[in-house]
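Everything below concerns the one structure shown next.
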Amino acid sequence: MTSNSKTKPDFKFIHLADTHLGLNWPAIGRRESIQILVYGKAFEAVIDAAIKHQVDFVIHAGDLVNRAHPPTAAWNRILLELPRLKQAGIPFIITVGSHDRPESYFDKAGGDVLQILDTRLGLAKRIDTDQTPQVSVETKAGKSVSVYG
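Counting from 950, one number per residue, gives the positions in the sequence shown under my numbering.
In C-alpha cells, the structure reads:
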C-alpha cells in the first residue's frame, strides 16, 4: 500500500447519548433563556451529519427524551428528524435510558417512547437487555454488524 492510497472503513456510525429532548434548562420561569429549541437543534445537527456522511447507523445510548412522557416539543423534534434518517436508509438504534422508561404501573401499560418508535412507527431499533439485547445491521458494504446494549 502506498502512502497516497486511502482505505475505506468497514462501516461508519455516529454514537450519541443524553439528548434529553424536551428538557428546558434553565428553568421555565426564565423565558429569555428557554432551551428546548437548543436541544432540538443539536439533535437535528447530528441527524444532518449522519445523512451528509452516509453513515451505516446511528446509536443513541439512552435518554433520548428528558422524561417518559415527553412534551409536544420533544415529539415534534423526534417526528421531524427520525423519518429523515429512515428515508436515507440509516437505522437509528437506541438503548433505554433512565429518563426513557416510565416508572408507574399505569404508565408502563401504555408502553414507552422507545416502544412507540420501534414497534409502532418503525423509526428506531430498540435494544433492551431484558427483551432484545442486540440488534444486527447490514452495512452499506454488505457486512453484518451486531450492536449490544
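No residue lacks a Cβ here, since even glycine has one placed at the ideal position from N, Cα and C.
None of the values given here were measured: they were computed from a predicted structure.
Asked                                                                                                                                                              : Found
Extract the residue ranges of the beta strand (DSSP E) inside the stretch 986-1022, only unbroken runs of 3 or more that lie entirely within it.                   : 1006-1009
How about K961 and D1005: do their beta carbons lie closer than 8 Å?                                                                                               : yes
Between A998 and chain B, is any beta-carbon pair separated by less than 8 Å?                                                                                      : This model lacks chain B altogether; it includes just one protein chain.
Using only alpha-carbon positions, find the residue among F1041, V1084, K1035, G1091 that is nearest to L1013.                                                     : F1041
Can you tell me which of V1045, T1021, Q1003 puts its alpha carbon nearest to the alpha carbon of D967?                                                            : V1045
Could you check what DSSP says for R939 in three-state terms: helix, strand or coil?                                                                               : What the structure shows of the chain is the stretch from 950 to 1098, and residue 939 is not part of that stretch, so it cannot be assessed.
In chain order, what residues of the same chain have a beta carbon less than 6 Å from the beta carbon of H1009, not counting five sequence neighbours either side? : L965, I1043
What residue range does the beta strand (DSSP E) around I1043 cover?                                                                                               : 1041-1044
Taking the beta strand (DSSP E) that I1065 falls in, what are its first and last residues?                                                                         : No beta strand (DSSP E) holds I1065; DSSP gives it neither H nor E.
Would you mind working out which of A991, I1027, I1000, R1075 sits nearest Q1036, comparing C-alpha positions?                                                     : I1000
If distances are taken between C-alpha atoms only, which option among L986, I963, K957 comes closest to H969?                                                      : L986
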